[in-house]
Amino acid sequence: LQGKVAGLSLQVSSGQPGANPQIFIRGGASTSPEGDSPLFIVDGIVGNMRNISDINSDDIESMQVLKDAASTAIYGARAANGVIIIKTKSGKQNAKPSITFKYTSGLERQGSEYDFTSARDYIYISRLNTQKFNTSNPGQFLNNGTYGMSTGNARNTKNTLEFLDTYITNYGKDYVSNLIDNEGWTTMVDPVTNRNLIFKETNYQNETFQNALRNEYDVNISGGTEKSTYYISLGHLNQQGIVAGTDYKNYSFLINGTYKLSDSWELNTNINYVLRQSNGIGNIQNVLSRSVTMPFTYRSTYENGLPAPGEGVTSFRNRQHEIYYRDQYSDNKVYRSTFNLGATWKMAPGLTFKPAVYWFTTEGISNAFEAFNEVNINRNASAEHSFIRQAQVDGVFNYVKDFGSKHHTSSILGASYINNYNYNIGTSGYGAPTDNIRTVNATSVLTQRGTTTIDADIIMSAFARVNYDYDRKYLFTASLRQDGSSKFSEENKWALFPGVSAGWNMHNEEFFKPLSKYVSTFKLRSSWGQAGQNELSIFDTQGQYAIGNNYLGEVGILNTRLANRNLIWETTTSFDVGTDIGLFKDRVTLLIDYYNKRTSDRIFNKPLDATSGFSSIVSNFGTIQSAGFDFEIAAKAIKTKNFSWDVNLTLSFNKSIVIDLPDNGELKNRIGGNIVFDKNLNDYVKVGGTAEGERYGGRWAYNMIGVYATDADAANAPKDVEANNRVKKGGDAIWEDVDGNGIIDSRDMVFMGYIRPDRTGGMVNTFSYKNLSMRVVADFAVGHVIDNSFKGRSLGSARNNNMTLSDVMSGNIWNNQGDIATIPKYTVQSDADYNYRNHLRSSNGLASSSGYITANSLYHSKGDFLALREVSLSYRLQANFLKKAHISAVNLYAGVYNIGYLTKYDGLMPEIFTGNDQGSYPRPRQYNFGA
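For the numbering used here, add 41 to where a residue sits in the sequence shown, where the first one is 1.
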């Protein structure tokens, strides 16, 4: 899908195997990415697709993306963000049995790497700068063995750095010689004492990431008789992750079949089963933001071969240690099954009735156990079991009738019933007496008592649609759907969602015939419609209570969620106008669309005053508008007997703004945000948060305009409130005093950009020469900004113990009085903890709220990118010797995927749409081949 459908943005912000991408159609309709997912309909089952990775792509026959108001209105509930209809393969009537086997093997690896220094450079610059800048107590960092650049480490401790003569004195010359000659240890001169140091380098980026194997097997058999068709498939994917200790397995089974009972009755059935298994995930964010940055002087394993703990804190900054102990038993399985049975009854000429029943379940089972080890003696264990069931019954009448030769009609009338049931139970504890019993029942202390949650809801719908065209020239459609959801209170359960559209095939007009030689298709179309959203919990209208902890032997019940019985359906009203143009007998086709969507009565967490005892209540408030243009171009650029070149281009522009918010006394009824100084207005204004007339997702930061070259230059620096008014010196950052009051505070923050792109698109090129074909796919996104907090935390020495990036050895960073630099000094001491605040600032509600941030313009950059997504070759082999073996053809293929980015962003991956890159699981580069 990525880059192939105008208006559809597929954002894969994690390369973890089995990760679920976020899909947006025309910008979505909310301020929350989770609320912008389109409605999936897979083989008639509505909304059961929690993870698109559950579908075996080899089973997909067609995918249809519905974007405009008229086409989505008939689906009513949950169709406000668009609809994606997926149909799986089926057999063909009177076809001989056909067996297809497909095997794909691949290698995945890290596409780009963090530019860390060597351990030697890390030791050199860290110890030297500790002596220069940490004047209060440099020995705390240099000698006590606490940090990666500290000496004072005995044999077989977590840190390998020590003075060479100390090692020889304590352990003997032979032992030290063996370390140097056979164990990979090395020596260097200490820039502080001029004594020799000894250490072993372990690149923890290399320890964390790995080359990963991927194997995929698919086999299917299909065929049919005069009365029946069948399609049966089996699939298996075994995929390692490029982060060591992560992997993903998927098993799938599918049966599609039809049987003709008589001339008027036909049955159809679909059975699908998927098992998804992931192991060793742990806290992946800690791995990618901490384990990777562990100083390269820390040992990987002890002399007995067991993994060393890394920094030695319970957050585990050593992936090998985490795999060995924390993920010694980590089992996560999801079982997904689907069954449907339907029929087609030809009641009369042109009239059919299609009843169908669907049964869908998802069961998730997760068990984890952490073995006893030196930094975690608790033997933590946890277990969780979830069950989701959806029962669906549909009945649809279809009627097709022509009146004369020019009047053509078709209509549908139907009803649907969906019953959802969700069950979840979880518990956790610690204190098991042994590693051999890895279940919660062996623990002595429960950290979470067995907690069960059950909720159920029902959606009932009735719908109708009428299509009419006159002489294939003038097209009209009208639809109406009524949905009722038990999530709402009795008086608000039901809502109506209408839709209308009109089209004009101008190319069928007599006056257009002189142009038909050049313009083969020219269609104008427009539509208007409404669709709904009921993405809320039943507890949002009914309230929720939970059992609290024991107090003096008693158990209390606590109100944990406020009820709002006034909640109503969120409604998106859409208007579309567009044209379809075909040139030169449709050798070139062009689609142009303008759309305008308004989502009213938005379901959102409304902030409450702290005196209420609750932080928020789910409410209907606000209106959001999403408008833009979609362009699609498809061309057969070259078409000869043996060679062809097909090209498809997509381009989308989208802008979402807040139209209306409840009156709250603030300018623009702003919710959240804070005050900054606006130089254009020469006044203080409130920005950020959510406000009428503004886009969502704006980010602000302190504007770093340089680095003080000398102490004298810094003598008259403004007071820095963020740095606790610390006296500025050479090498400190120069912050723009936007309001000119001699104080640097959050009111001096300036606008950086928005976190979501407003222009996306892609290009697919297909070249064919006889039986050889080649595909080249690229896509792009423009208009989003990223805070590279991973880089900021490294150069700011967060937690006093991050591995250094190569910037610290470059000419761009300040080291000595008089240096003209673009990067403030590297202080070794934590930039935040010790109030230097040259790299890491506070957000004050105006920067990304997720995880660690820098709020520093130095680390903000445009995330614009052009991604080369695929270059692949395939060759179709058809030879006589294959036919003798009853093989009709063999298709051989090879390709490289996620090849790289053309971007100015200096992180691993510019596909970050949260505004903050604190260390993400990068999309791996894939090398695949198969047949």
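Virtual Cβ for every residue (Gly too), placed ideally from N, Cα, C.
Leaving out five residues on either side along the sequence, give the residues of the same chain with a beta carbon under 6 Å from the beta carbon of residue 428. Counting only Cβ-Cβ distances below 6 Å, and skipping sequence neighbours, we find 404 and 464.
Cβ-Cβ separation, residue 639 to residue 663 (assumed contact under 8 Å), whole Å: Contact check for residue 663 and residue 639: beta-carbon distance about 11 Å, past the 8 Å limit, so the pair fails to qualify.
To the nearest angstrom, report how far apart residue 107 and residue 906 are at their CA atoms. Each residue's alpha carbon lies about 27 Å from the other.
Heavy atom of the ligand SAH less than 7 Å from the Cβ of residue 498, yes or no? This structure lacks the ligand SAH, and indeed carries no ligand of any kind.
Roughly how many angstroms separate the alpha carbons of residue 308 and residue 270, rounded to a whole number? Those two C-alpha atoms are separated by around 10 Å.
Contacting residues, own chain, Cβ-Cβ under 6 Å from residue 632 (five flanking each side not counted): So the list reads 621 and 673, once near-sequence residues are dropped.
Would you kindly work out how many angstroms separate the C-alpha atoms of residue 542 and residue 426, rounded to a whole number? When the Cα atoms are used, residue 542 and residue 426 turn out to be separated by approximately 46 Å.
In whole angstroms, what is the alpha-carbon distance linking residue 567 and residue 733? When rounded, the distance between both Cα atoms is 28 Å.
Beta-bridge partners of residue 648, as assigned by DSSP: Partner(s): 657.
Three-state secondary structure (DSSP) of residue 239: In the structure shown, residue 239 sits in a strand (DSSP, three-state: E or B).
Return the residue from the list 305, 610 and 449 that minimises the CA-CA distance to residue 385. Here the closest residue by C-alpha is 305.
Residues near residue 360 by beta carbon distance below 7 Å, same chain, minus five either side: Hits under 7 Å: 248, 249, 285, 286, 328 and 332.
When 880, 380, 164 and 262 are compared against residue 188, the one with the closest alpha-carbon: Closest by alpha carbon: 164.
Since residue 964 contacts residue 152 with CB under 8 Å, what's their CB separation in whole angstroms? Right, the Cβ-Cβ distance comes to about 7 Å (below 8 Å), so this counts as a contact.
Please identify the residue among 793, 602, 581 and 582 whose C-alpha is closest to the C-alpha of residue 588. Considering only alpha carbons, the answer is 602.
Beta-bridge partners of residue 691, as assigned by DSSP: Residue 691 pairs with 673 and 803.
For a test of the three-state rule: what should DSSP assign to residue 820, helix, strand or coil? The answer is strand: DSSP assigns residue 820 an E or B state.
Taking just the CA atoms, how far does residue 255 sit from residue 410? Within the model, the alpha-carbon separation for residue 410 versus residue 255 is close to 27 Å.
Residue 712 beta carbon less than 8 Å from that of residue 736: A distance of 8 Å or more separates the beta carbons of residue 736 and residue 712.
I need the DSSP call for residue 382, collapsed to helix, strand or coil. Shown here, residue 382 sits in a strand according to DSSP, grouped into three states.
Residue 180, buried or exposed, once every other Cβ within 10 Å from all chains shown has been counted against 16: Within a 10 Å sphere around the beta-carbon of residue 180 sit fewer than 16 other beta-carbons, which makes this residue exposed.
What number of angstroms, rounded off, separates the C-alpha of residue 775 from the C-alpha of residue 668? So the two alpha carbons sit approximately 40 Å from each other.
When the Cα of residue 77 is compared with those of 369, 119 and 491, which residue comes out closest? The candidate whose alpha carbon is nearest that of residue 77 is 119.
According to DSSP, is residue 956 helix, strand or coil? Here DSSP, grouped into helix, strand and coil, assigns residue 956 to coil.
Is residue 245 near residue 174, with beta carbons less than 8 Å apart? No, the pair does not count as a contact, with Cβ atoms beyond the cut-off.
Coarse secondary structure for residue 793, derived from DSSP in three states: It is a strand residue.
What is the DSSP secondary structure of residue 881, reduced to helix, strand or coil? It is coil, neither helix nor strand.
Is residue 428 helix, strand or coil by DSSP? Under the three-state reduction of DSSP, residue 428 is assigned to strand.
Could you check the C-alpha separation between residue 658 and residue 798 for me, to the nearest Å? About 30 Å.
Whole-angstrom distance between residue 458 and residue 74, CA atom to CA atom: Residue placement at residue 74 is poorly supported in this model, since its pLDDT is 47, which falls under 50; the coordinates still yield a value, given next. Distance between the alpha carbons of residue 74 and residue 458 is about 28 Å.
Which word fits residue 352, buried or exposed, when buried means at least 16 other C-beta atoms lie within 10 angstroms of its C-beta? Result: buried.
In terms of alpha-carbon separation, which member of 958, 645, 379 and 651 lies closest to residue 660? A check of alpha carbon separations from residue 660 across 958, 645, 379 and 651 identifies 645 as the nearest.
Nearest to residue 966 by CA position, among 58, 455 and 44, is which residue? Per the Cα distances, 58.
Leaving out five residues on either side along the sequence, give the residues of the same chain with a beta carbon under 8 Å from the beta carbon of residue 82. Result list for residue 82: 88, 116, 124, 125, 126 and 127, in chain order.
Figure out for me which residue from 407, 769 and 605 has the closest Cα to the Cα of residue 760. It is 769 whose Cα lies nearest to the Cα of residue 760.
Cβ neighbours of residue 882 in the same chain (closer than 6 Å, five flanking residues each side left out): 743, 763, 896 and 897, listed in sequence order.
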